[in-house]
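What follows is a single structure, written as structure tokens, with notes after it.
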Amino acid sequence: MLIDVAELWELFVLACAREAFASETVAHGNLGGDKSYFLRSTRNGTFGLGRLLPDITVGPASSPLAIIDAKYKRLTNDRRDPDRGDLYQLAAYLATNSKAGLPPPLGLLAYPATSEMDLDVRAEALGPWKTSQGNIVHFMRLPTEQTLCAAALRAIVGPFSRG
1 MLIDVAELWE LFVLACAREA FASETVAHGN LGGDKSYFLR STRNGTFGLG
51 RLLPDITVGP ASSPLAIIDA KYKRLTNDRR DPDRGDLYQL AAYLATNSKA
101 GLPPPLGLLA YPATSEMDLD VRAEALGPWK TSQGNIVHFM RLPTEQTLCA
151 AALRAIVGPF SRG
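At the far end of the sequence shown sits residue 163, using the numbering used here, and the numbering has no gaps.
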């Protein structure tokens, strides 16, 4: 039997987010949420391509407070970290979920903390970051104990609450 550890990490971060934001809607993008296509055929509108489904959204589906993308990999000081594809993916989620007249959603790439972590990882230490559209973005290594993970998420996302 094969176990998808990346999916387990995603479900763990989802559980942490639900604990951290019990008063908010916390949705798992792959199990629910918007099923609309990113692109629609101009010849036949019933055909679509590409669904942009973030791992986790915090807040109302129509205007999320935060978008969390769980990454089961190490965040290092390698010049290629964070991965360019991961950055593009998060940027697409943020652009798609930003609504005129509302504060832009916060973005978070969530990595597991490891025992052999570099003390200061550039992407994490120099953050938060800001997109050209005004989204605040964090790269964060989360504790692997649920209560500590929830507290870390609350510390990052909580100050951006609209409530």
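Ideal Cβ placement from N, Cα and C applies to all residues, glycine included.
Is D69 helix, strand or coil by DSSP?
Note: D69 maps to strand in three-state DSSP.
If the criterion is Cβ atoms closer than 8 Å, does the pair L153 and C16 meet it?
With a cutoff of 8 Å on beta-carbon distance, L153 and C16 are scored as near each other.
Host alpha helix (DSSP H) of E20 (start-end):
It is worth fixing the name first, because residue 20 is Ala in this sequence and not Glu. Residues V5 to A20.
Separation of T57 from I68, as counted between CA atoms
6 Å
Nearest-angstrom Cα distance between M140 and A92?
19 Å
Can you name, in chain order, every residue of its own chain whose Cβ lies under 7 Å from the Cβ of Y72, other than the five neighbours on each side?
V5, A6, W9 and P112
Quick check on the DSSP output: the beta strand (DSSP E) that includes L109 runs from which residue to which?
L106 to P112
Select from F12, L52, P105 and L2 the residue whose C-alpha is nearest the C-alpha of L148.
F12
Given a cut-off of 8 Å on the beta-carbon distance, is the pair L52 and L39 in contact?
no
Apply the 10 Å Cβ neighbour rule to F21 and answer buried if 16 or more other Cβ atoms are within range, or exposed otherwise.
buried
Assuming the contact rule is C-beta atoms closer than 8 Å, D55 and N30 should be a hit. Round their C-beta distance to whole Å, please.
7 Å
My guess is that W129 and V121 are in contact by the Cβ rule of under 8 Å, so how many angstroms apart are they, rounded?
That belief does not hold up - the Cβ atoms of W129 and V121 are roughly 13 Å apart, past 8 Å.
Mind reading off the beta-carbon distance from A70 to A95? Whole number of angstroms is fine, and I expect it under 8 Å.
With 8 Å as the limit, A70 and A95 do not qualify as a contact, their Cβ atoms being about 20 Å apart.
Within a Cβ cutoff of 6 Å, which residues of the same chain sit near S41, ignoring the five residues on either side of it in sequence?
F47
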